[in-house]
Structures are given as structure tokens and as C-alpha cells.
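Chains C and L are the protein sequences, given in the same order. Take 0 as the starting number for the first sequence in numbering that gives the first Met the number 0 and just add one per residue. Take 0 as the starting number for the second sequence in numbering that gives the first Met the number 0 and just add one per residue. Virtual Cβ for every residue (Gly too), placed ideally from N, Cα, C. Because the structure is a prediction, the values reported are computed rather than measured.
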Amino acid sequence: MTTTVKVPELPKRTKKLYAQDIKDRFISIFIGIFAVVWVFPIVWTLWSSLRPYSEIRAGGVFSPPQELGVFNYASAIDRMELPTYFTNTVLITLPAVFLILLLGSLIAFVVTRYSFKFNVAMLLLFTAGNLLPPQLVFIPVFKLYLLLGDLVGDRRFLYDNHWGVILIHVAFQMGFATFVLSSYMKTIPKEISESAMVDGASVFTHYFRVMLPLLRPPLASLGVLMITWIYNDFFWALVLMSTDNKRPITSALGRLTGEFVTDYNLLAAGAMIAALPTLIVFFVLRKQFVGGLTLGSTKG
Amino acid sequence: MLNKISGHEVDRRLLLKGAAAGGLGIAGATMLAGCASDSGPVTFGVRTVDESPMAQAQAIVDAYTAKTGIEVTANFTESNAFQNNLSQYLQGTPDDAFQWMAGYRMQFFADQGLLVDISDVWDEIGDQFSDSYKIASTGSDGNQYFLPQSWYPWGLHFRKSMMAEIGLNPEDIYNWDDMMAALEELKGQGLIGLASADKGGWEAMGTFDILNARINGYQFHVDLLAGREKWTDDKVKEVFRHWEMLLPYMNTNVLDLEWDGAMQLLLQRQAGLFMNGSWFGANFLEQSQEDYDDLWIVPFPEINPDHGRDTIDAPLDGIAVAANGSNDAGAKEFVKFAASIEGVEAQLSTGIPLTSANNLQDTSAYDPFQKQQLAVMGEAKYITQFLDRDTRPDFAGPVVGPSFQEWFRDPSSVDSILESMQSQWDALPPL
């Protein structure tokens, strides 16, 4: 027994290591393949964005490059009227995210911290609203906006107005926000709330001074998620606005495609530009983003 | 107390701070809202963001303002987004005047009361247009709702230098046998006979249109697209039988190419003929003047001598007045100017070639390719708009496009495809 302990340990360990090594290598190759599959379209887009369309037209996409440069980026920025459309995106995204977080956390607070007859039903209602596909409801929403506009005497009251788009984003995303925040709130000990109430805190003091500070991590994660989702929206801005220069950056990409001719290289440059802010948000707030992935997964 | 607490807390939270900045944005957003007026100025919806047509539209606007002193605001929207959203656009807050297309696509919205009857404008400047254009501008109630501005023909395009090298003269391709012989010759040279694409679902519709019109005539084609004839008719099967004869001469990746992919085959001298709308001449010109000068067009050959070469797809683009706009009278004056010879001259002042729909345009200034387009057009007695402009929008896109693509995948299943198309037409809700 002593001999087995003394001498053969080394080969045993290397053998074990060897097995682990093969396993690791296999996994690395596997992950590597997936990484390539995921990165390839982005790299290809980047590559395309550096080449002129006339070269592709004459030689095809696989032709060797004769000219490389950032000229597509310059003309994309120019043709997309970046400042106008980016401002529109900011005007839509920030108020929408603010309202979603505020209203979502208020509802989540009430349905989780106070027990009354319909609190579960209310939570279900808000969450179920999230399941409706936008394509199904956009015609009624559109008609409703026009009707409300006619009632106040200005058709652009909600339709063709940033507020209309903001409100529809709030309506659609609040279900998810409520669901996530209520799941998180359930993990906060009830005792905290109870002691606040014993100390005589009103409902609003309870919310603003006790719950809101504790909600900082999920609000940050949710905020990041919402910014990227609303930033990427094309559909609502398209159907609820008629004036193109009020629309957000996603529709500015459309300005790079012609009626018949689409310069894909220019479009690639535009896509890279449009994707940049979400990438920046992701890398700056990576921690919150990853946190957001598992948000509310432990309870609820 | 509540206000004090909330303000205090919001200030302290880093994330909420950013959101509060969004609150300032709200104030800005409300300032942007609402600026409809009821008299004087006119808004003009332009369905393009391409450089040349934008310049042409702007030229019309500037010339009109210079002439009348009336302010016109042009709103430019990318054409696909504009087209997909047109129904909402017209029901909601449209521009007073807007660019659109003739034929069924116009009638569809006119029937819903979304366009303004501009028959009185036609009474004034109608003599500047040919009768076929008037028909294409007329709604199902007999009134005019549209004014044509420009057009392009669909035909067989080729490179003159390439054909000269091979020793073919496409001008001599008069009937189907000539066409098959030419395709065989091209194939013998190791070339693609007929460059084709159908990834977008609409490209092949041009070929169907012309085959149907050549084999069965204009009237049958129009009736078929209006639902008065059946897709299961043997006459339609005959069209597909001819189409199948063309397949061996096409590139094998028809379903992988969009129209510009097929165009590249012609540009790169890999294909002999290309059935398409002449608009792509602009791409050749962009490539080089030499390529553009090499481009030529002939009409699709005769198949049934009864019909000769009497029909052509020549989509008309133009301008209409939206019923929900805020200034109908001003818009009518504006569209009258835009479509009349004055509007044409304003567009020509930009130096961009234009094949306008106006009879008064001086065609002697056309370049040779434009003149040839005019000649091809002149040979035709009947003008169709293109399948997706001549039939219901909820049939062309969702049914015809995928059905043609299915046929390319399996040409032998033509019977079941046509049956399915007919049953899908029958299942459409009444308008």
C-alpha cells in the first residue's frame, strides 16, 4: 500500500491530467467553433463596410480588395443625418426607460408588499400583457391614437408624436419590468417592510426611502436591458409615426437603402454605426447586463 | 413631504439621475409635436432617399415656390418604409401631396376614399399625357386620382459589345424560336443565357407578366390579375410551360440572387440577356459611362402572333393628393405644377436624365439608351404596371411571390401551385 502511495502517484496524476486535457481541448474547440460562428457575421460586416460597392458589383463579394477605407462611414453618417435621428432615439428611449422603471417598480412594490384581494391577479394581468405580439395590436393602437387625437382636435396629439411611441413602449415593457422587479422584491426580507411600517412610514415613504434604495441592482440591470430593447425598436416608430425625420436611428438605416439599388457596403457601415451605442452600453455596464440575464430567476 | 423625499432620493441615485435627464428630454419632445396648418403652405411626401430623385423632387418644390411664393415642405421617406406604411400614413396625418404609383395600387386606396379626386386637374393639363396614362390614373369610379411623372419599360437588356463579339443581333430576336436559338447560342459559348433572380419574390413577376401577355394577350392578363380569370386555367399552365423552357438557360442560383445579383451577371459579362426594368441603367452609369453606353434594350419576343408584341410592363410613378391632408386646394395646384411640363423642366434643370410621362418633354435631348426605351415603349399598344402594382397587395406579396419561388424549386409541381394560388385568391376577404 505504501508503495502504491509513494511511486505510482506521478504517472497516475499525469494520466488524469491528460484525460482532463483532452476534455478541455475538446471543449475549447467546441466553444471556438461557436465563437467563430457568432463573430463571423460581425467581422464580415466590418470587412464589407470598408470596401466600395462598385468593386463588389464588378467582381463579386469574394473578389480581392483593391481599395479599403472608411469612406463608407463618412457617407453613411452624412446620409443617415445622424444627429437628427440620434436625437430622436434619445428623446424616445430615455423618457420611456424612466417611466418603465418608475411605474414598473411602483406596481411591483404594491403587488408584493401589500396583500389585498387582487394582487396576484394584477401581477398576472401586467405580465400577460407582455405576451401580446405588437403586430397583433398595432392597428387598434393606431386607430385609438387617431381617435384620441381627433377628440383633442389635433391628430398629432399621440400619432406621429414622440410621446405616442414612448407611451406604447411603456405599456409593452412594463409587464416585463413588473415581473422582474416583483420577483426581486420577493427576495427582500419582509421584516424590513414590517419594521418600516411599525416605525410609521407611509406607503410612499416606504417605497422611496426603504424599497427603492434596495432595488438599485435590478433597476440598473433592467435599465440597461430596456435601453437596448427600445433603442433597437423599429416597428412602433414605423407604424405610429408618419414623418420620417421624427423617427429613431433604426429607421435612419433605411435611408441607406434605395428603392431598387441597395449599396450593401454602405449599409454595413451604417449598421456598424447604429450598433455602436448598444455595444458601448454593453461594455460599460457589462456587470449589470449579465446580472440582468439571471434577474428574478431564483424566485417567482 | 412626498415631493421633498422623492426629489432628494432621485438626485442621489446614479441610475435614476440619468433617467431624470430623460425627463428634460420629454420637454423637448413636446415642443417637437404638433405643427399642422390649414392654409397656404403645402407638404409633399417624397418616397425616396436616393440622391438623384431627391434632387429632382427638391427642384420641383423650389421652382413652385419661386413661381407662386407658396411654401412647400418636402418630407423624404425611404421607399420601402413609405410603401409598407402607406395605409396608416393615408389614414393618419399624411402630407397634402405625395408620390405614388399608378394602376391598381392607386385604385386600392382611391376606393377607400383616401385619395382626392383630381379630375379637374386632368381637365386642365390632361392633353399633356397619352390616353394610356389617363387610364392608368383612373380609379374604379371613373375619376382620376393620380398624375404620372415618370416611367421605365421592362424588356430584354444586353451589352452591345458582347453580342457583337458572339455575332448575335438581339434586334433580330423577333419571336420565340429566335429567342430559343439565341439562348442556345449563348449557352454554347459557355454563358448564362438569361440572367434571372427571384430572391425578393418580385423579380420574376416581370417575366411572368410578359409571358402571359405574349401568350394570352393583354385582356386575359388584366382579367387574371383582377380575379376575373382563374389561375388554374390551361392558359396559365401554358405560360409556365414556356417559362420552363427558359429554365435551362438561366443561372442555377435564381433563388439566391436579388435583382442586382442578376444585373451583376450582365455587368460582368457572364450572362447574355437580362429581363428587367430599365431603371438599372443608372447602376451601369454609376459604374462607368462606357458600361452605360454599352447597354441596350429590346422588347420581349412575340410568342402568339395574335398578340404580337403589343403589351409592355411600364410602371408609372407619379403624384397624388391625400384626402386626410390639411390643404387639398393647395395640394391640387402643386400636383398640377409638378406633373405638367413646368415640373418636368424643373427636374431637367438638375441635369439628371429623366424619362418623363409628359408628352411635351423634348425627347431629342434623350441619350441613345433613353431613346431606345422610348422606341420599345412605342411599339406597345397596351401598358401594364407590373404584377405587384396590377393586383391586390394582399395577393401579390404574400401569395404570388412565394408561389413563383416554389415553382423555381420544383417546376413539375406547377398544377398544385396554381391550384393553391387560386384557392388563396378565393379565400381573400372582399374589399
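Starting from residue 238/C, find everything on chain L with Cβ-Cβ shorter than 8 Å and list it in chain order.
84, 87
Give me the chain L residues within the contact set of residue 254/C, using Cβ-Cβ distance strictly less than 7 Å, ordered along the chain.
48, 77
Using a Cβ-Cβ cutoff of less than 8 Å, which residues in the same chain neighbour residue 66/L once the five nearest sequence positions on both sides are dropped?
336, 341
Threshold first: 3 residues or longer. Then list the beta strand (DSSP E) segments lying entirely within the segment 39-107 of chain L, N to C.
41-45, 71-75, 96-100
Taking three-plus beta-carbon pairs below 8 Å as touching, is the segment 148-161 of chain C in contact with the segment 182-197 of chain C?
no
Out of 44/C, 53/C, 88/C, state which residue places its alpha-carbon closest to the alpha-carbon of residue 65/C.
53/C
Check whether chain L comes within 8 Å of residue 302/C, counting only Cβ atoms and requiring the distance to be less than that.
Within the shown structure, residues of chain C are numbered from 0 to 299, placing residue 302/C beyond reach of any answer.
Ordered list of beta strand (DSSP E) runs contained in the segment 325-396 of chain L, each at least 3 residues
381-383
Where residue 179/L sits in the DSSP three-state scheme:
helix
Helix, strand or coil, according to DSSP, for residue 295/L in the structure here?
strand
DSSP state of residue 411/L, grouped into three classes?
helix
Closer than 9 Å by beta-carbon distance: list the chain L residues that pair up with residue 56/C, in chain order.
259, 262, 263, 266, 267, 282, 285, 286
Is residue 149/L near residue 354/L, with beta carbons less than 8 Å apart?
yes
Could you check which residue in 222/L, 183/L, 196/L, 155/L has the C-alpha nearest to that of residue 165/L?
183/L
Restricting to Cα atoms, I'd like to know which of 50/L, 41/L, 322/L is closest to residue 350/L.
50/L
8 Å contact criterion, which residue 484/L and residue 80/L should meet: CB distance rounded:
The question about residue 484/L has no answer here: the residues shown for chain L are numbered 0 through 430.
Do you know whose CA, among 248/C, 219/C, 74/C, lies nearest residue 89/C's CA?
248/C
With a threshold of 8 Å between beta-carbons, can residue 74/L be considered close to chain C, or not?
yes
To the nearest angstrom, report how far apart residue 176/L and residue 238/L are at their CA atoms.
16 Å
So residue 242/C contacts chain L; which residues on that side make the cut at Cβ distance below 7 Å?
74
Are there any heavy atoms of the ligand HEM lying less than 7 Å away from the beta-carbon of residue 123/L, as far as the coordinates show?
For the ligand HEM, the structure offers nothing, since it holds no ligand at all.
Where do the N-terminal and C-terminal ends of the beta strand (DSSP E) with residue 148/L fall, by residue?
146-150
What residue range does the alpha helix (DSSP H) around residue 194/L cover?
Here residue 194/L belongs to no alpha helix (DSSP H); instead the beta strand (DSSP E) covers 191-194.
How should residue 37/L be labelled, buried or exposed, when 16 other C-beta atoms within 10 angstroms of its C-beta is the threshold for buried?
Below a pLDDT of 50, predicted positions are generally treated as unreliable, and residue 37/L, at 40, falls in that range; the measurement from the model is reported next regardless. So residue 37/L counts as exposed.
Of all the CB atoms in chain C, is at least one closer than 8 Å to the CB of residue 90/L?
yes
Starting from the beta carbon of residue 145/C, find every residue of chain L whose beta carbon is closer than 8 Å, and list them in chain order.
90, 91
How do the segment 186-201 of chain L and the segment 238-255 of chain L stand: do at least 3 beta-carbon pairs fall below 8 Å, yes or no?
yes
Among all the DSSP beta bridges, which residues are the ones paired with residue 153/L?
276/L
Quick one, are the C-beta atoms of residue 270/C and residue 44/C less than 8 Å apart?
yes
In the structure shown, what three-state DSSP assignment does residue 231/C receive?
coil
Look at residue 406/L and residue 230/L and say whether their C-beta atoms are less than 8 Å apart.
no
Look at the Cβ atom of residue 268/L, then the Cβ atom of residue 158/L, and state whether they are nearer than 8 Å.
yes
Sub-8 Å separation of residue 132/L and residue 386/L beta-carbons:
no
Bridge partner(s) assigned by DSSP for residue 317/L
99/L, 147/L
From residue 224/C to residue 210/C, what does the alpha carbon distance come to, in whole angstroms?
21 Å
What is the residue span of the alpha helix (DSSP H) that residue 165/L lies within?
159-165
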